[in-house]
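Participant: With full-length UniProt numbering applied, the sequence shown corresponds to residues 1 to 354, in that order.
Note that the Cβ used here is the ideal one computed from N, Cα and C, for glycine as well.
Here it is, the structure, as structure tokens.
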Amino acid sequence: MTAGQSLSDGAAGVALLHLENGNLRAAHEALHLAVDGGVSIAAGASLFYGAPALAFVLAASDHPSLTHARDIVADGTSTVTRHRLHDAHRRIDAGRRPHFAEYDLIRGLTGLGVVLRRLGHHDLLRDVLDYLVRLTEPFDGLPGWWCTNSPDCHQPPPAGGHANHGIAHGITGPLALLALTQIDGITVDGHTDAITRILRWLDMWQQTAWWPQTVTLTDLNHGIPAPRRPPRPSWCYGTPGITRAQQLAARATDDRTRQHLAETAFSHAINDPRHLRQLTDRGLCHGTAGALTTGRRIAADALTPISLAPLVSLHKRTLATKNSAAGFLDGTAGTSLADAASTLTSWDACLLIN
């Protein structure tokens, strides 16, 4: 792999920062680094790597100097998406369970759907939505998104598999994309039913103001998740990402009661010191920048005002590590975007919060 073409931790993410800031010269330099080793349209290409990542970044600018590059990576994104859809439907037809990388935001078809939405490629986006509807259909008494692989690459998978809830790797990513496209007026057969199935599952596992990161077969049999305390309130796996997805779903289905409940859960989480103190870095993925960026979108759409003061204060107090990388998800490019609180290019759409 060539790290430059990574939106997560490569030059592509740095280019996104420069495009948001209007610094086209610096963006060009970063983009040259991003494509120096070629641009991938292989099976591992995704929203955060390869042609789709660069398509997302380049869509942040309509400058004529980037037109040719935009067209090339847009075509590459379509090619990747069609191959991934073919493999996913073949897997479903064969009665096999997925790995979350098939469907998730970071590596899967949900992330590719984010790129297609940004590019305005609605026909292929609808094909992705058709797949997500299939993904939500129950299979052998379990959700269609029930995974066989481990949520932690350093640990063996739990016996019987798991359901993943995080917006980065779990079912709230598809939920957010289904909700956003319904708000956009881009829908497919079974669209609202798919949203409803995911919401009902999340309702089963809500613990006051938080949700477990995963649910195993043991948890399902006991009717209660093994973790007895909330995970850190991060964008990737915590309450901010999960409640933003639910808030969007509530808006998409005109369910003001659910919207209020989602916003209340978020507000409770960011006002609980025991919850907040688990955020110990400034990154977008796991840290204060991601929680704050997500919180801004939640607050902007909230039915009643939500103060983000606890998050703002914590973000200001949290120090960058000495060896902070320049990347987007965990590095200084992402924290700089969060610090600026500017979204002229809708850069935060890659977090599936907008």
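What are the start and end residues of the alpha helix (DSSP H) that includes Thr-208?
Facilitator: Element bounds for Thr-208: n/a, residue is neither H nor E.
Participant: Assign Ser-267 to one of two classes, buried (16 or more other C-beta atoms within 10 Å of its C-beta) or exposed (fewer than that).
Facilitator: When all chains shown are included, Ser-267 counts as buried.
Participant: Could you have a look at Ser-6 and say whether DSSP puts it in helix, strand or coil?
Facilitator: Correct three-state label for Ser-6: strand.
Participant: What residue range is occupied by the uninterrupted alpha helix (DSSP H) comprising Asn-221?
Facilitator: Where Asn-221 is concerned, the enclosing alpha helix (DSSP H) stretches over 217-222.
Participant: When burial is assigned at 16 or more other CB atoms within 10 Å of the CB, is Cys-350 buried or exposed?
Facilitator: Looking at its Cβ environment, which holds 16 or more other Cβ atoms inside 10 Å, Cys-350 is buried.
Participant: Helix, strand or coil for His-68 per DSSP?
Facilitator: If DSSP states are grouped into helix, strand and coil, His-68 belongs with the helices.
Participant: Over the uninterrupted beta strand (DSSP E) stretch that includes Ala-59, give me the two end residues.
Facilitator: No beta strand (DSSP E) holds Ala-59; DSSP gives it neither H nor E.
Participant: Identify the residues that DSSP records as bridge partners of His-162: which are they?
Facilitator: Beta-bridge pairing links His-162 to Cys-147, Thr-216.
Participant: Within 10 angstroms of the Cβ of Thr-345, are there 16 or more other Cβ atoms? Answer buried if so, exposed if not.
Facilitator: Thr-345 should be labelled buried.
Participant: Quick check: the Cα distance between Asp-140 and Ala-226, rounded to an integer number of angstroms?
Facilitator: Asp-140 and Ala-226: Cα-Cα distance of roughly 23 Å.
Participant: Given the structure, does Gly-120 come close to the ligand GTP, in the sense that its CB is under 7 Å from one of the ligand's heavy atoms?
Facilitator: Here there are no bound small molecules, and the ligand GTP is not part of this structure.
Participant: Spatial neighbours of Val-14 within its chain, please: CB distance less than 6 Å, with the 5 preceding and 5 following residues excluded, ordered by chain position.
Facilitator: Here the set comprises Ala-30, Ala-326, Ala-333.
Participant: Report the three-state DSSP secondary structure of Ser-336 (helix, strand or coil).
Facilitator: Ser-336 falls in the helix class under three-state DSSP.
Participant: Assuming Thr-214 and His-165 form a contact by the criterion Cβ under 8 Å, report the distance between their Cβ atoms to the nearest whole angstrom.
Facilitator: About 7 Å separates the two Cβ atoms, so the contact holds.
Participant: With Val-80 and Ala-45 assumed to form a contact (beta carbons below 8 Å), what rounded beta-carbon distance in angstroms separates them?
Facilitator: Confirmed, about 5 Å.
Participant: Compare the Cα-Cα distances from Ala-299 to each of Pro-240, Arg-229, Ser-40 and report the closest residue.
Facilitator: The candidate whose alpha carbon is nearest that of Ala-299 is Pro-240.
Participant: Could you tell me the distance, in whole angstroms, from the CA atom of Ala-74 to the CA atom of Leu-314?
Facilitator: Roughly 39 Å between the two C-alpha positions.
Participant: Measure from the alpha carbon of Leu-352 to the alpha carbon of each residue in Gly-50, Leu-66, Leu-105, Glu-20, then state which is nearest.
Facilitator: For Leu-352, the nearest C-alpha among the options comes from Leu-105.
Participant: So what's Ser-40 in DSSP terms, helix, strand or just coil?
Facilitator: If DSSP states are grouped into helix, strand and coil, Ser-40 belongs with coil.
Participant: Kindly indicate which three-state DSSP category Tyr-49 falls into: helix, strand or coil?
Facilitator: Here Tyr-49 sits in strand by DSSP.
Participant: Give me the residue from Ser-6, Leu-58, Arg-25, Ala-34 with the minimum Cα distance to Trp-347.
Facilitator: Here the closest residue by C-alpha is Leu-58.
Participant: Name the residue from Ala-55, Ala-94, Ala-163 whose alpha carbon lies nearest to the alpha carbon of His-121.
Facilitator: Cα-wise, what sits closest to His-121 is Ala-55.
Participant: Which residue comes first and which comes last in the alpha helix (DSSP H) that contains Tyr-103?
Facilitator: Note, Tyr-103: alpha helix (DSSP H), 100-103.
Participant: Output yes or no for whether 8 Å exceeds the beta carbon distance between Gln-5 and Gly-76.
Facilitator: Cβ atoms of Gln-5 and Gly-76: not closer than 8 Å.
Participant: Around the Cβ of Thr-257, are there at least 16 other Cβ atoms within 10 angstroms (buried) or fewer (exposed)?
Facilitator: Counting Cβ neighbours within 10 Å, Thr-257 comes out exposed, since fewer than 16 surround it.
Participant: Below 7 Å CB to CB, which residues in the same chain sit around His-247 once its five sequence neighbours on both sides are set aside?
Facilitator: Note that residue 247 is Gln in the sequence shown here, rather than His. Around Gln-247: Gln-259, Ala-262, Glu-263, Ile-298, Asp-301.
Participant: I'd like to know if the segment 286-293 and the segment 305-313 are in contact, where contact means that at least 3 CB-CB pairs between them fall below 8 Å.
Facilitator: These segments touch.
Participant: Just to check my reading of the structure: Leu-125 and Ile-224 have Cβ atoms closer than 8 Å, yes? What is that Cβ distance to the nearest angstrom?
Facilitator: About 38 Å separates the two Cβ atoms, so there is no contact after all.
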